[in-house]
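Below is one structure, written out as structure tokens, with a few remarks after it.
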Amino acid sequence: MSSTLVAVPSAAPGGLEAGVDAHFGHCQMYTLISVEDGKVGNVEVIPNIPHEQGGCMAPVNYLAEHKVQAIISGGMGMRPLMGFRQVGIDVLHGNGAQSVQDAVNGFIAGSLPRFSQEFTCGGGSTGGCGNH
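In case it helps, the working numbering puts the sequence shown at residues 767 to 898.
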């Protein structure tokens, strides 16, 4: 049985019907979805943590601690993108998904592109997270 834990930055109250938050690091919460053999399994909502406790890497490490294997995001800076790669979390671009369910359906269908530098938020002189 194949299972992947997917995180989607979500607007309150979280869950499959919630809207997808545009930026992973500043979202209110994450909806964690267990995708098992191409179907939605367990769904859990966890709060985000403040950036102050480790800067841009705080949410990366937080999701890694929750055993997340993939994240679907509409935006993030280069530093957290590299951080996700370092901790082994696959980063996919949400492609404008309006709800968490839409994002997960795209994941299951394999239609979401890998998040690449072209999707990162502008960094300017402050780097990755500075200009959101």
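No residue lacks a Cβ here, since even glycine has one placed at the ideal position from N, Cα and C. On a predicted model such as this, the values are computed, not experimentally measured, just so you know.
The distance from the Cβ of residue 775 to that of residue 793 is about 4 Å, consistent with a contact at the 8 Å cut-off. The segment 866-885 and the segment 791-807 touch, with no fewer than 3 CB-CB distances between them shorter than 8 Å. Residue 787 counts as buried, since at least 16 other C-beta atoms from the protein chains shown sit within 10 angstroms of its C-beta. DSSP assignment within the segment 807-885 yields the following whole beta strand (DSSP E) runs of 3 residues or more, N-terminal first: 836-839, 856-859. When C-alpha distances from residue 806 are compared across 821, 791, 769, the shortest belongs to 769.
Residue 785 has 865 as its beta-bridge partners, per DSSP.
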